[in-house]
Amino acid sequence: MAKKIMLSGDRPTGKLHIGHYVGSLRGRYAIQEEGKYESFIMIADQQALTDNARNPEKIRKSLLEVTMDYLAVGIDPAKTTIFVQSQIPELNELTMHYLNLVTVARLERNPTIKEEIKLRGFSESIPAGFLIYPVSQTADITAFKAELIPVGEDQLPMIEQTREIVRSFNNTYGSILVEPQAKIPEDACKRLPGIDGKAKMSKSLGNAIYLADSADTIKEKVMQMYTDPDHIKVSDPGKIAGNTVFTYLDAFGKDKEYIAELKLQYQKGGLGDVKVKRYLNEVLQAEFAPIRERREKLANNKDYLYQVLQEGSRKAEAIAAKTLTEVRAAIGLNYFD
Ligand code: TRP
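Under this note's numbering, think of the first position of the sequence shown as 937, with each following residue one higher.
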């Protein structure tokens, strides 16, 4: 029997950070290695253009950054098909067919879209392509009949919208599309805060640690990290909840017993921030040094990166074309067959 399909993706708007890593990259790698699913990872450059139309250079540059991030964390092109959204024109036609099955009101209710519109200050001037990107994401997923979508929590509304469109399509034209399921990370990894402890990690907030960061940069960022502002003297009792250093230890630390001990001691008083930060720094350095080294080697090899993307895109396009043929036939657009 054919394997079930896993598909995931990212917008290329910059380098990936360690929030992406715990939030979904690590999970995709585990699924790849487990081998139960056939894995696809898409770089969503067209989706990235929906709010960067006047800055295509950024997207072009980030395409290679994201590719390096993937390969550096162990995504292996021999096991996982890595492809580029814009190179699969079939996805755009699928999007057009699906757009007829969704209302503008429904698109405007999508909580992630709402949030993004607010963040970007679009108010009344929302690019139409931006509003409909969840439908284009539906095309990304259904073209491959993907069943498992490992993503961050913010993507749940996209998967829900995809499921609705799939049901509507299947009811209207016959059952050919597959309803996907999101796989979100466990609690400790859901929303890694930025080093300022405030919001989720993001480039625009300047509070992210990148997979490409040097050892020194990681250390500097850890040393700046937000802790418990009332924990002033080492002897003061400190809070764990909302304390970024402990949030990160929960997400990355392997020695759970030792972390539990540190927490107890911190809460009682007598454990200084610097000591916990030094430990977190060790944990992060151990995790990210090999990733950074692999990334540095790839950085000199643009041709190889483009080759991986081109081969992946060719393979992906063949699959998307097959689904599109089925979709056209289901709608009755196969006049000349
Ligand atoms: N919207 C996703 C993000 O911003 C990227 C994405 C595009 C995606 N198409 C996808 C994720 C298909 C999963 C499946 O991270």
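Every residue gets a Cβ at the ideal spot worked out from N, C-alpha and C, and that includes glycine. On a predicted model such as this, the values are computed, not experimentally measured, just so you know.
Query                                                                                                                                  : Result
C-alpha distance - Glu-1115 paired with Asp-1273, whole-angstrom precision                                                             : 28 angstroms
Integer Cβ distance of Ile-1024 from Ala-1256, believed to fall under 8 angstroms                                                      : 5 angstroms
Residue from Thr-1261, Arg-1250, Gly-1268 and Glu-1193 whose Cα sits closest to the Cα of Gln-1021                                     : Arg-1250
Those runs of the beta strand (DSSP E) which lie wholly inside the stretch 1196–1225 and span at least 3 residues                      : none
Where Leu-943 falls: helix, strand or coil (DSSP)                                                                                      : strand
The ligand TRP heavy atom lying under 7 angstroms from the CB of Leu-1084                                                              : no
Where the beta strand (DSSP E) containing Ile-977 begins and where it ends                                                             : 973–979
Helix, strand or coil at Val-1114 [DSSP, three-state]                                                                                  : coil
Simplified DSSP assignment, three categories, for Phe-1066                                                                             : helix
Spatial distance of Asn-1106 from Arg-1230 (CA atoms)                                                                                  : 44 angstroms
C-alpha gap between Ala-938 and Gly-971, whole angstroms                                                                               : 12 angstroms
Beta-carbon gap between Leu-1128 and Ala-1222 smaller than 8 angstroms                                                                 : no
Beta-carbon contacts of Pro-1063 that lie in its chain and below 8 angstroms, excluding the five residues immediately before and after : Thr-986, Asp-987 and Ala-989
Proximity to Ile-1018 [Cα-Cα], best of Val-1263, Val-1244 and Ala-1265                                                                 : Val-1244
Asn-1036 to Thr-1098 span [Cα, whole Å]                                                                                                : 13 angstroms
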